[in-house]
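Following our numbering, the numbering of the sequence shown begins with 2 at its first residue and continues without gaps.
Glycine included, every Cβ here is placed at the ideal spot set by N, Cα and C.
Below is one structure, written out as structure tokens, with a few remarks after it.
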Amino acid sequence: MWVEIVLLFVLVLVYAVLRDRRPRNCPPGPVEIPFFGRLPILDEESGERLRKIYGDIVSHRTGSIRKVYLFDYETAKEAMAKVEFSNRPDFFSAFSVDDQKVGGLLSSNGAHWQHDRRFVLRNLRNLGMGKSYLEEAINIEAKALVEDLKKYGGEAINYPDSFRTVALNIIWQMVASTRYDLRSDEVKAIYSITKDFQKNFSPLTFLPMFIPALNHLPKSVKNLIFMEDQLERCIEEIEKVVNGAVDKHLEDYDPDNPRDLIDEYIKDMKENEGDDNSLFRRGALNQIVNDLFFAGSDTVNHMLKWVAYLLARYPEYATRMQQQIDAVVSGDRMVSLDDKPSLPLVEAFTVEALRYSSMVVYNVERTATRDTNFKGYFIPKGTTVQAANYSIHHDPRYWDDPHKFYPERFLDDSATKYTAPKQGFFAFGSGRRQCVGELLARMELFLFTAAIVQHFDVRPPHGVDITTTAIVNLAGARVPADKKLAYRPRD
2 MWVEIVLLFV LVLVYAVLRD RRPRNCPPGP VEIPFFGRLP ILDEESGERL RKIYGDIVSH
62 RTGSIRKVYL FDYETAKEAM AKVEFSNRPD FFSAFSVDDQ KVGGLLSSNG AHWQHDRRFV
122 LRNLRNLGMG KSYLEEAINI EAKALVEDLK KYGGEAINYP DSFRTVALNI IWQMVASTRY
182 DLRSDEVKAI YSITKDFQKN FSPLTFLPMF IPALNHLPKS VKNLIFMEDQ LERCIEEIEK
242 VVNGAVDKHL EDYDPDNPRD LIDEYIKDMK ENEGDDNSLF RRGALNQIVN DLFFAGSDTV
302 NHMLKWVAYL LARYPEYATR MQQQIDAVVS GDRMVSLDDK PSLPLVEAFT VEALRYSSMV
362 VYNVERTATR DTNFKGYFIP KGTTVQAANY SIHHDPRYWD DPHKFYPERF LDDSATKYTA
422 PKQGFFAFGS GRRQCVGELL ARMELFLFTA AIVQHFDVRP PHGVDITTTA IVNLAGARVP
482 ADKKLAYRPR D
């Protein structure tokens with residue numbers, strides 16, 4: 002009897018292991034531990050090791066989630082354009098503030114994604130994205146940033162919260178007609194919880210999403226190992242901000258005078274009341290606001306950290322940009338977008354900062370909506386597909402000396418004209434879900450960089466070597482570790 006039981010157990014185990022293994026003709030990848038796979042990959046070094054061993058298309062599994070990493074630009078570009086790879090993975094819904102978990106820009110799929118994306122693109126354009134009057138709003142924030150940095154009197158400081166607040170104010174004025182003072186207590190409260198989460202983040206944090214059985218562990222264990230309590234607090238704080246903004250707009254909504262994106266959505270929502278097929282819902286609005294609030298501020302914030310670090314690390318470029326700006330801009334006038342053709346090095350510097358930093362190490366995940374054959378490999382339905390931005394941006398097939406910070410790669414031979422990258426550039430993604438805020442982000446990065454360069458010499462404290470500054474991973478974002486820098490007003 003015991004022999005039969007043991008034999009049955011062994012047969013079930015063997016069957017489970019066989020079902021658990023990598024599907025036939027799936028892309029190559031590292032050996033997988035049965036039922037577990039491998040730890041999640043979040044950093045660029047791990048991805049580069051996989052690429053060197055297995056090539057440009059690599060399969061990697063954690064728990065129940067199989068990923069296919071795309072390390073080559075042309076491969077990633079082709080994949081991101083495919084309808085079969087246009088959806089987001091199901092686990093994205095864990096972070097949704099939509100009560101139905103289906104709306105918004107980042108995590109939604111299908112008809113809801115198309116509906117919400119079209120609404121946001123149309124209204125951001127109507128509210129100024131890509132238009133000259135938005136430039137005035139950006140320059141108001143640029144001036145506020147300059148004044149904030151002057152208050153430190155040239156004292157060396159860590160990267161200031163104002164880097165995030167100026168970016169937040171741009172998108173938040175378009176979305177909710179709100180502008181924060183750069184040093185307000187409200188801003189500090191919003192940032193404190195996300196800072197704590199990013200500081201303590203580890204690859205283990207999201208492990209229960211990959212291995213659902215871990216959700217059955219005691220709450221105290223999950224809090225200790227996976228920081229579940231901090232993640233929940235972070236989501237709760239986000240919901241407070243979002244709900245507060247939407248509630249306020251519902252209270253004082255005037256259909257004849259829509260002020261911003263939230264008002265425009267409420268208008269459409271009220272006009273479609275009673276239509277059971279309408280996709281205008283409060284929950285979807287909450288998620289749209291959430292996506293724009295945090296994506297629109299965090300990314301620019303991290304890039305301004307890179308700008309400050311690179312200005313201090315390569316002061317020769319700062320000097321050359323100052324010379325260009327001084328020759329074009331007179332008096333106290335801020336740099337404008339009209340000046341861009343005359344400031345090719347400033348634009349080249351910002352684009353090289355995007356490439357060199359690869360701040361988003363891996364592009365936002367897609368998932369296969371059906372079994373798909375791609376580049377000779379079988380990609381099963383439900384497989385997550387992800388482009389490796391860092392590897393693409395440091396690929397010698399597309400970039401000469403890719404690990405060197407070299408803005409001249411985006412200038413013509415005479416160094417008098419900016420030349421846009423034709424291939425190998427993936428900072429804003431590609432294909433069907435390319436970043437909706439790319440145009441706005443480029444405007445902000447150019448004008449904020451120009452404002453800092455125009456008014457300050459950014460330097461490390463005397464005797465401090467910043468060439469050894471560590472690059473850290475903050476929940477998937479690659480940024481320079483906090484290092485005190487001095488923003489010394491120019492004479």
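*Pick helix, strand or coil for serine 60, following the three-state DSSP scheme.*
The residue given as residue 60 occupies position 59 in the sequence shown. In the structure shown, serine 60 sits in a strand (DSSP, three-state: E or B).
_Run of the alpha helix (DSSP H) containing arginine 123, from where it starts to where it stops_ = Position 122 of the sequence shown, counted from the first residue, corresponds to residue 123. It spans 111-127 - the alpha helix (DSSP H) in which arginine 123 sits, taken as one unbroken run.
*Residues bridged to aspartate 458 (per DSSP)*: What you label residue 458 is simply residue 457 of the sequence shown in a count that begins at 1. Per DSSP, Arg489.
*Quick one: residues in its chain with C-beta nearer than 8 angstroms to the C-beta of proline 461, no 5 flanking neighbours on either side, listed in chain order?*
Within the sequence shown, the letter at position 460 stands for residue 461. Closer than 8 angstroms at Cβ, skipping near neighbours: Ala157, Ala313, Ile467, Lys484, Lys485, Leu486, Ala487.
*If you check the beta carbons only, do glutamate 459 and arginine 489 fall under 9 angstroms apart?*
Against the sequence shown, residue 459 aligns to sequence position 458. Against the sequence shown, residue 489 aligns to sequence position 488. Here residue 459 turns out to be valine, not glutamate, going by the sequence shown. Yes, Cβ-Cβ distance for valine 459 and arginine 489 is below 9 angstroms.
*For glutamate 229, which of Thr206, Glu240, Leu215, Ala246 has the nearest alpha-carbon?*
For the purposes of this step, residue 229 is taken as residue 228 along the sequence shown, with counting starting at 1. Among Thr206, Glu240, Leu215, Ala246, the Cα nearest to that of glutamate 229 belongs to Thr206.
_7 angstroms CB neighbourhood of proline 24 in its chain, flanking five on each side removed_ = Translated into positions along the sequence shown, residue 24 becomes position 23. By the criterion of a C-beta distance shorter than 7 angstroms, proline 24 is surrounded in its chain by Phe379, Pro381, once the five residues flanking it on both sides are discounted.
_Mapping the DSSP letters down to three states, classify asparagine 374 as helix, strand or coil._
Reading the sequence shown from its first residue, position 373 is the one you call residue 374. In the structure shown, asparagine 374 adopts extended strand secondary structure according to DSSP, grouped into three states.
_Among Glu272, Asp257, Asn278, Ile289, nearest to isoleucine 263 - alpha-carbon criterion_ = Within the sequence shown, the letter at position 262 stands for residue 263. For the residues Glu272, Asp257, Asn278, Ile289, the minimum Cα distance to isoleucine 263 belongs to Ile289.
*Expressed to the nearest angstrom, what Euclidean distance is found between the alpha-carbon atoms of leucine 19 and alanine 309?*
For the purposes of this step, residue 19 is taken as the residue at position 18 of the sequence shown. For the purposes of this step, residue 309 is taken as the residue at position 308 of the sequence shown. Annotation note: pLDDT 43 at leucine 19 (below 50); position unreliable, no value reported.
*Do you know how far the Cα of phenylalanine 93 is from the Cα of proline 213?*
For the purposes of this step, residue 213 is taken as residue 212 along the sequence shown, with counting starting at 1. For the purposes of this step, residue 93 is taken as residue 92 along the sequence shown, with counting starting at 1. Whole-angstrom Cα-Cα distance: 14 angstroms.
*Out of Leu412, Ser337, Thr373, which has the shortest C-alpha to C-alpha gap to lysine 83?*
Within the sequence shown, the letter at position 82 stands for residue 83. Comparing Cα-Cα distances from lysine 83 to each of Leu412, Ser337, Thr373, the minimum goes to Thr373.
*Are at least three pairs of beta-carbons, each pair with one atom in the stretch 62-82 and one in the stretch 419-439, less than 8 angstroms apart?*
Enough Cβ pairs lie closer than 8 angstroms, so yes.
*May I ask which residues mark the beginning and end of the beta strand (DSSP E) holding arginine 67?*
By one-based count along the sequence shown, residue 67 stands at place 66. For arginine 67, the uninterrupted beta strand (DSSP E) segment begins and ends at 66-71.
*Compare the Cα-Cα distances from proline 29 to each of Val473, Val69, Glu233 and report the closest residue.*
By 1-based counting over the sequence shown, the position of residue 29 is 28. Nearest option by C-alpha distance: Val69.
*asked:* Let's test the definition: count the other Cβ atoms within 10 Å of the Cβ of histidine 217 and tell me whether it reaches 16, buried, or not, exposed.
replied: Residue numbering aside, residue 217 sits at position 216 when the sequence shown is read from its first letter. The C-beta of histidine 217 has fewer than 16 other C-beta atoms within 10 Å across all chains shown, which makes the residue exposed.
_Those runs of the alpha helix (DSSP H) which lie wholly inside the stretch 338-402 and span at least 4 residues_ = 345-358, 390-394
_Integer Cβ distance of isoleucine 1 from glutamate 142, believed to fall under 8 angstroms_ = Outside the shown range of the chain (2 to 492) lies residue 1, about which nothing can therefore be said.
*Given 8 angstroms as the limit, is there contact between the stretch 328-341 and the stretch 385-405, that is, 3 or more CB pairs closer than that?*
no
_threonine 417 burial status per 10 Å Cβ neighbour count (16 or more: buried)_ = Within the sequence shown, residue 417 is the residue found at index 416, counting from 1. Label assigned to threonine 417: exposed.
*Can histidine 61 and proline 35 be called in contact, C-beta distance under 9 angstroms?*
If you number the sequence shown from 1, residue 61 lands on position 60. If you number the sequence shown from 1, residue 35 lands on position 34. Their beta carbons are not under 9 angstroms apart, which means histidine 61 does not touch proline 35 by this criterion.
*asked:* Would you call the stretch 246-265 in contact with the stretch 278-297, where contact means no fewer than 3 C-beta pairs closer than 8 angstroms?
replied: Three or more beta-carbon pairs drawn from the stretch 246-265 and the stretch 278-297 are found closer than 8 angstroms, and the two stretches are therefore classed as touching.
*Cut-off 7 angstroms between Cβ atoms - residues of its own chain near serine 178, not counting five sequence neighbours on either side*: For the purposes of this step, residue 178 is taken as the residue at position 177 of the sequence shown. Excluding sequence neighbours, serine 178 sits near Arg260, Asp261.
*Shortest alpha-carbon distance to arginine 443 belongs to which of Pro345, Arg126, Thr351?*
Start at 1 with the first residue of the sequence shown, and residue 443 comes out as number 442. When each option's Cα is compared against that of arginine 443, the closest is Thr351.
*Can you tell me which of the three DSSP states asparagine 511 falls into?*
Because the chain in this structure spans residues 2 to 492, residue 511 falls outside the shown range and cannot be described.
*Smallest Cα separation from glycine 432: which of Ile472, Glu46, Glu148, Val365?*
Reading the sequence shown from its first residue, position 431 is the one you call residue 432. Nearest of Ile472, Glu46, Glu148, Val365 to glycine 432, Cα basis: Val365.
*Return the chain-ordered list of same chain residues with a C-beta closer than 7 angstroms to the C-beta of glutamine 174, the five sequence neighbours on each side being excluded.*
The residue you call residue 174 lines up with position 173 of the sequence shown. Excluding positions up to five away in sequence, the list reads Ala138, Arg180.
*Compute the Euclidean distance between the alpha carbons of phenylalanine 227 and leucine 208, then round it to the nearest angstrom.*
Locating residue 227 in the sequence shown gives position 226, counting from the first residue. Locating residue 208 in the sequence shown gives position 207, counting from the first residue. If I take the Cα positions, the gap works out to 7 angstroms.
_Classification of asparagine 278 by the beta-carbon crowding that lies within 10 angstroms, buried from 16 upward_ = Here the question's residue 278 lines up with position 277 in the sequence shown. Asparagine 278 should be labelled exposed.
*Where leucine 106 sits in the DSSP three-state scheme*: Counting from one through the sequence shown, the residue named residue 106 turns up at place 105. Residue state, collapsed to three classes: coil.
*Alpha carbon to alpha carbon, how far is proline 161 from glycine 155?*
Residue numbering aside, residue 161 sits at position 160 when the sequence shown is read from its first letter. Residue numbering aside, residue 155 sits at position 154 when the sequence shown is read from its first letter. Rounded to the nearest angstrom, the two C-alpha atoms are 13 angstroms apart.
*Determine the burial state of leucine 8: buried for a count of at least 16 other Cβ atoms within 10 Å of its Cβ, exposed for fewer.*
Reading the sequence shown from its first residue, position 7 is the one you call residue 8. Here leucine 8 scores only 49 on pLDDT, less than 50, and its place in the model is too uncertain to base an answer on.
_the stretch 400-420 touching the stretch 49-63, judged by at least three CB pairs closer than 8 angstroms_ = no
*asked:* With a threshold of 6 angstroms on Cβ separation, who are the neighbours of leucine 169 within its own chain once the five nearest residues in sequence on each side are excluded?
replied: Position 168 of the sequence shown, counted from the first residue, corresponds to residue 169. So the list reads Ser298, once near-sequence residues are dropped.
*Helix, strand or coil for tyrosine 74 per DSSP?*
Start at 1 with the first residue of the sequence shown, and residue 74 comes out as number 73. In the structure shown, tyrosine 74 sits in a helix (DSSP, three-state: H, G or I).
*Could you tell me whether the Cβ atoms of valine 329 and leucine 106 are closer together than 9 angstroms?*
Taking the first residue of the sequence shown as 1, we reach residue 329 at position 328. Taking the first residue of the sequence shown as 1, we reach residue 106 at position 105. Taking 9 angstroms as the Cβ cut-off, valine 329 and leucine 106 do not qualify as a contacting pair.
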